[in-house]
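In what follows, a single structure is set out as structure tokens and then discussed.
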Amino acid sequence: MNSDINVGIGEYSIVSNGENKLLKATGLGSCVGVFIYDKERKIGGLAHILLPRSPNHKDKKSLKYADVALNDLINDLI
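So for the sequence shown, my numbering puts the first residue at 1055; every next one is plus one.
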């Protein structure tokens, strides 16, 4: 069954080829959507990012920051 996964602000999601799901980030506005796909493993992820970096790295758990979200997304993909 095909279903969409809406990735909200400050979230990311990962799907593999066999899951038959579509990742989407609607209403990006001033946000950035970053999609990473590994062709060999057939797994990909989408991060919905609001800001470039966390202030002084105090907020290491907030996925709305690019430095935190992309680091976590890449680590979860590998």
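Glycine included, C-beta positions come from ideal geometry on N, C-alpha and C.
With L1077 as the anchor, note down where its beta strand (DSSP E) starts and where it stops.
-> Numbered from its first residue, the sequence shown carries residue 1077 at position 23. Counting along the chain, the beta strand (DSSP E) containing L1077 begins and ends at K1075 to K1078.
Shorter than 8 Å from the beta carbon of R1095 to some beta carbon of chain B? In the structure shown, chain B does not exist; there is a single protein chain.
Would A1123 and I1103 be called neighbours here (beta carbons separated by less than 8 Å)?
Numbered from its first residue, the sequence shown carries residue 1123 at position 69. Numbered from its first residue, the sequence shown carries residue 1103 at position 49. Yes. Within cutoff.
**Study point:** Residue from I1063, V1069, G1064 and E1065 with nearest C-alpha to S1057
**Key:** Numbered from 1 along the sequence shown, position 3 holds the residue referred to as residue 1057. Per the Cα distances, V1069.
task = Measure the alpha-carbon distance for P1109 versus G1072 and round it to whole angstroms.
result = If you number the sequence shown from 1, residue 1109 lands on position 55. If you number the sequence shown from 1, residue 1072 lands on position 18. So the alpha carbons of these two residues sit roughly 38 Å apart.
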